[in-house]
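Working notes, beginning with the structure itself.
Residue numbers (the numbering used here): 1199 to 1539.
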């Protein structure tokens, strides 16, 4: 009897060990299945990018077999630098930074139109009476960073008014930082629509706002990869884009849920009501008449070509850029996908 008990205990021990090993192997197998993909961001993780930050909860990317790492940056130029140097696979960047990189000879591909609408602006206090681009001559203007879309769009606005960078003084003020404007350290600051929301929440008073889209309405941000990554990781990139589109659709349809999750995942997400205002604005910039029929992320080569031509015409870049060689829409999801969760 005693021998039978001992045998039973041994068998149970062996069974438990085998099950444990099998469970561990299963976990390791699941982990191996996830394909790592690194996204070089233009900023730190902020509320407007909530859909990209909440995969731990929503699993848009994990459901596609992807493990996404978001690498923070200080401007679109940083994002492109990270993919060129191999530190990341995909750049979340602005067209201006893209054009500057192409002008320097970098081999890049645009694969997704994140925000079809231009969301950049120039903000000044009402009492400065700066109402048109020409009024900026001789003024000190803040930008998020010297490699950011705020600087690139400021340069576009200046050139449209017949001004050059030398006609103003540009200073770095940091991401979403309106304090220098409020304290009179700068006459105006280049920002985005969501940045302005945060500025007003922090006490920014009556302001004048020049919308860059009134002068050149081009996409605010794009997903960009190197030609090498495009050739070697096409299937992975395709899965990423489908997952991102699903996440963007989720945020458009569920702004309140996104605002709540932003309080956990975004560095500027403490105020849920503010999060909701920011997310509502960013959702609006994600859509256009073309996305209504062809789905989020659709690329309009003609609009990007006009922007590239404008940059060259205004002397911001030297080279003639053919966007037909740069834009690749063949890995975009073919049709609009339904909301995932």
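Glycine is no exception: its CB is placed at the ideal position from the N, C-alpha and C atoms.
query, result
"Contact set for residue 1445: own chain, Cβ-Cβ below 6 Å, skip 5 residues either direction", "1249, 1258"
"Uninterrupted alpha helix (DSSP H) stretches inside the segment 1285-1367 (no shorter than 4 residues)", "1293-1301, 1347-1358"
"Coarse secondary structure for residue 1267, derived from DSSP in three states", "strand"
"Residue 1440 classed as buried or exposed, judged by whether at least 16 other C-beta atoms fall within 10 angstroms", "buried"
"Inter-residue CB distance, residue 1306 and residue 1422 (contact presumed, cutoff 8 Å)", "5 Å"
"Rounded Cβ spacing between residue 1472 and residue 1396 (contact assumed at less than 8 Å)", "7 Å"
"Alpha helix (DSSP H) runs contained entirely in the segment 1477-1530, provided each spans 4 or more residues", "1487-1492, 1499-1511, 1521-1524"
"Coarse secondary structure for residue 1539, derived from DSSP in three states", "No answer about residue 1539 holds up, because its pLDDT of 44 lies below 50 and its placement is not dependable."
"Whole runs of the alpha helix (DSSP H) within the segment 1424-1453, excluding any shorter than 4 residues", "1425-1430, 1432-1451"
"Inter-residue Cα distance where the pair is residue 1286 and residue 1325", "44 Å"
"Alpha-carbon spacing of residue 1449 relative to residue 1253, whole angstroms", "12 Å"
"Cα-Cα separation, residue 1391 to residue 1317", "6 Å"
"Continuous beta strand (DSSP E) stretch holding residue 1386: start and end", "1386-1390"
"Which of helix, strand or coil DSSP assigns to residue 1464", "coil"
"Boundaries of the beta strand (DSSP E) in which residue 1234 is found, first to last residue", "1233-1238"
"Residue 1453 and residue 1314 closer than 8 Å at C-beta", "no"
"Secondary structure of residue 1406, DSSP reduced to three states", "strand"
"Run of the alpha helix (DSSP H) containing residue 1272, from where it starts to where it stops", "Segment: none, residue 1272 is in no alpha helix (DSSP H) and carries neither H nor E."
"Span of the alpha helix (DSSP H) around residue 1250", "1248-1251"
"Contact under 8 Å by Cβ, residue 1447 with residue 1494", "yes"
"Close Cβ partners of residue 1291 (< 7 Å) along its chain, the five nearest in sequence each way excluded", "1240, 1274, 1277, 1278, 1419, 1420, 1422"
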